[in-house]
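Going line by line, the protein sequences match chains A and B.
So for the first sequence, our numbering puts the first residue at 142; every next one is plus one.
So for the second sequence, our numbering puts the first residue at 76; every next one is plus one.
Note sheet for the following structure.
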Amino acid sequence: MTHSLHREGSLESLDKDYVLFVYPARGFNYKGSAPKVRHLVELLYEAGPINMCVTTLRRNMYSGVKPEEVLESIKVEGARVFSVFDSREALKDALIRIKEADEGISIMVSGLIDRVRDIAAEIGIDPYMVNLSLGIHGRTDLLPPADIREFTTMCGHGVVSPDLVRDIIRRVKAGKVTEWDGSVIIAEPCTCGIYNPRRSAELLREKTPLYTLDRW
Amino acid sequence: MIIHPEICVGCGRCQPYCPTKAIRYEGRKSVIDQDICYECSTCLRAAHCPVDAIAESHNVYDYPRALRRYFSDPSARHVATGIEGRGTEETKSADVTRRCGPGKVGVAIEIGRPNLGMSLRDVQKITRAIARAGVHKIEPHNPIHSMIADEATGDLKPEMLGERLLSAIIEIEVEREQLRGILRTLKEVAREVDSVFCVDAFTVVEPQLHIPEEVLESIRAEGFTWRPNAKINMGLGRAWE
């Protein structure tokens, strides 16, 4: 799963968008992982993610699910966690807590390489591996435009539809929803919970004036 | 997915949710084009049909159409691998599994991403090109591996070729000195496919997240660039089983 790797946008915008995964490995540290993952989720909540989803429930933070329900659900081995932080400070806070807890479960961060390198050096973590995105190839002429992809690539599985983004832009423009509420609507199809609604709301605020209602 | 015509009230609410524009009006009702539908179930999960007219197709789990569901619904557990998702755990737990160790580079070809999806005929163009380049081993824990009919040629099982996937990942592992050749192959096959794919390269890093120059040089030499954002295994895992 490489679904957080190809998020598009300006450096300034991507600096408000860090995805953090908690991943037990089948056959290596699956057994006994449930209480450790649960503890890590408690720590993530304390660091203040902008979105989060655990595979035991598959419900994002805006679905109405309570933190205690999420924590209670983590009883099976191998539960995985997907979370998003909207600043490097919040990411750093999460990583400090995770490092101190030393639960031994793999942690992945998707984000600006230079920023993650700085944070890792500041808190004494030595990363093991990098997965680089080498871009999009083939019929790129068929892709939705770059401004729409800044939204849709926040769900790497491709289930956030470009038409839904356009529909929300239209509804924001018409005053029917706020940028935040519209972003929560766009976030719902993303079953991994890695859509960043705060960044999305900022993008809506920035791009909506550039569209006209009668475009649709 | 289907929309029951006797229940649909024609509000059109579901239509923008479809990632592939498979839902459109036919008369006053919304209908789903079965040829285009990826069976990702986004309309059922997220569109909140006010009259519950959306349902699973009766044949969604019939082979080979079931491939659409397994590769397009992120919450579907793939029958071939037993895990959710289109690929494997690649870099995510490599600090524990030690997969793709020093001297190697993992290459992932993310089919149909972003947003477009891809037919299996186009996927076969990529698997054949990789085979022609001399790589005959697709990661065995990746669901694409179970779809290969002939590893020597990269041919997929012929009965699958009419299907479409919203996303899938071909994962291979090569020696660092082979990276240029694979990237060149992918650049060439990109001209043949009628969709898009993303390319990823994953490798063990040197201290302080220093990316090995040998890998970067191969990427540059083939005219590829890398995004400023990447996925980074923080090296905090350990094995105990």
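Beta carbons are placed, not taken as given, at the ideal position from N, Cα and C, and that holds for glycine.
For clarity, every value in this text was computed on a predicted model and none was experimentally measured.
(Q) Here's the rule: buried if 16 or more other CB atoms are within 10 angstroms of the residue's CB, otherwise exposed. What is B:I307? (A) So B:I307 counts as buried.
Q: Determine which residues of the stretch 77 to 93 of chain B have a Cβ less than 9 Å from any Cβ of chain A, and write them out in chain order.
A: So the close ones are Q90, P91, Y92, C93.
Q | Neighbour list for A:L305 in chain B, Cβ cutoff strictly below 7 Å | A | Residues of chain B with a Cβ closer than 7 Å to the Cβ of A:L305 are, in chain order, P91, Y92.
**Q.** Between the CA atoms of B:L311 and A:D243 - distance to the nearest angstrom
**A.** Taking the straight line joining both Cα atoms gives about 8 Å.
Q.
I'd like to know if A:A261 contacts chain B, where contact means its C-beta is closer than 8 Å to some C-beta of that chain.
A. For A:A261, a Cβ of chain B is located within less than 8 Å of the residue's own Cβ.
**Q.** C-beta neighbour in chain B for A:V271, strict 8 Å
**A.** For A:V271, at least one C-beta of chain B is nearer than 8 Å to its own C-beta.
Q. Should A:N337 and B:R313 be called a contact, given that it needs their Cβ atoms to be closer than 8 Å?
A. No. Outside cutoff.
Q: Can you give me, in chain order, the residues of the stretch 268 to 279 of chain B that have a beta carbon less than 7 Å from any beta carbon in chain A?
A: Residues of the stretch 268 to 279 of chain B with a Cβ closer than 7 Å to any Cβ of chain A, in chain order: V268, D269, S270, V271, F272, C273, V274, D275, A276, F277, T278, V279.
Q | Per DSSP, cross-strand counterpart(s) of A:D288 | A | In the DSSP output, where bridge partners are listed per residue, A:D288 has none listed.
Q) Is it true that the CB of A:R148 sits closer than 8 Å to the CB of A:D158? A) Yes, Cβ-Cβ distance for A:D158 and A:R148 is below 8 Å.
Q: Assign B:E238 to one of two classes, buried (16 or more other C-beta atoms within 10 Å of its C-beta) or exposed (fewer than that).
A: Buried, since its Cβ has 16 or more Cβ neighbours within 10 Å.
Q) Is the beta carbon of A:R312 sitting closer than 8 Å to the one on A:V318? A) For the 8 Å CB-CB criterion, A:R312 and A:V318 form a contact.
Q. Quick one, which of A:M295, A:E218, A:L351 has its alpha-carbon nearest A:S251's?
A. Considering only A:M295, A:E218, A:L351, the residue with the shortest C-alpha distance to A:S251 is A:M295.
Q. With distances taken between CB atoms, is the gap from A:L275 to B:F277 smaller than 8 Å?
A. Contact flag unset, no.
Q: Count the other CB atoms, across all protein chains shown, that sit within 10 Å of the CB of A:W357; report buried if there are 16 or more and exposed otherwise.
A: Residue confidence is low: A:W357 scores 47 on pLDDT, short of 50, so the model does not pin down where it sits. Its coordinate-derived value is still stated next. Taking every protein chain shown into account, the CB of A:W357 has fewer than 16 other CB atoms within 10 angstroms, so this residue is exposed.
Q: Tell me whether the beta-carbon of B:L241 lies closer than 8 Å to the beta-carbon of B:Y113.
A: Their beta carbons are under 8 Å apart, which means B:L241 touches B:Y113 by this criterion.
(Q) Under 8 Å, CB to CB, which of the residues in the stretch 110 to 122 of chain B have a partner in chain A? (A) If the cut-off is 8 Å between Cβ atoms, the stretch 110 to 122 of chain B has C115, T117, R120, A121 near chain A.
Q. With DSSP run on the structure shown, which of helix, strand or coil describes B:L119?
A. B:L119 falls in the helix class under three-state DSSP.
Q. From what residue to what residue does the alpha helix (DSSP H) around A:A328 run?
A. Per DSSP, A:A328 belongs to the alpha helix (DSSP H) from 320 to 328.
Q: Quick one: using the 10 Å Cβ neighbour count with 16 as the cut-off for buried, is A:R190 buried or exposed?
A: One point to set straight first is that residue 190 of chain A is Pro, not Arg, in the sequence displayed. Flag for A:P190 reads buried.
Q. Could you give the distance in angstroms between the alpha-carbon of B:N292 and the alpha-carbon of B:E101?
A. Before going further, note that residue 292 of chain B is Glu rather than Asn in the sequence given. Each residue's Cα considered, the two are about 54 Å apart.
Q. Taking C-beta to C-beta, are B:L142 and B:M76 nearer than 8 Å?
A. Cβ distance not < 8 Å, so B:L142 and B:M76 don't count as in contact.
Q: Establish whether the CB of B:Q253 and some CB of chain A are separated by less than 8 Å.
A: False, the Cβ-Cβ gap to chain A never drops below 8 Å.
Q: Give the single residue among A:R199, A:R258, A:S341, A:R280 whose Cα lies nearest to the Cα of A:F223.
A: Closest option to A:F223, Cα to Cα, is A:R199.
Q. My guess is that B:C89 and B:A122 are in contact by the Cβ rule of under 8 Å, so how many angstroms apart are they, rounded?
A. With 8 Å as the limit, B:C89 and B:A122 qualify as a contact, their Cβ atoms being about 4 Å apart.
Q. Does DSSP put B:D148 in a helix, a strand or coil?
A. It is coil, neither helix nor strand.
(Q) Three or more C-beta pairs under 8 Å: does that hold for the stretch 267 to 277 of chain B against the stretch 209 to 224 of chain A? (A) No: the two stretches stay apart, fewer than three of their Cβ pairs being nearer than 8 Å.
Q: Taking only beta-carbon positions, decide if A:C333 is within less than 8 Å of chain B.
A: So, interface residue.
Q. Who are the neighbours of B:E316 on chain A, taking C-beta pairs under 7 Å?
A. Within 7 Å Cβ-Cβ: G168, F169, N170, Y171, K172.
Q) What beta strand (DSSP E) runs, 3 residues minimum, are completely inside the stretch 207 to 237 of chain B? A) 223 to 225, all fully within the stretch 207 to 237 of chain B.
Q) Listed in chain order, which residues of the stretch 281 to 292 of chain B have Cβ atoms closer than 9 Å to some Cβ of chain A? A) Those would be P282, Q283, L284, H285, I286, V290, L291, in chain order.
Q: Please say whether B:L231 and B:L195 have beta carbons closer to each other than 8 Å?
A: With contacts defined as CB atoms closer than 8 Å, B:L195 and B:L231 qualify as a contacting pair.
(Q) For A:T332, count the other beta carbons within 10 Å of its own beta carbon; 16 or more makes it buried, fewer makes it exposed. Which is it? (A) Buried, by the Cβ-count rule.
Q) In whole angstroms, what separates the C-alpha of B:P177 from that of B:P218? A) Across the structure, B:P177 and B:P218 are spaced so that their CA atoms are roughly 25 Å apart.
Q: May I ask you to report which of helix, strand or coil DSSP gives B:D275?
A: Strand at B:D275.
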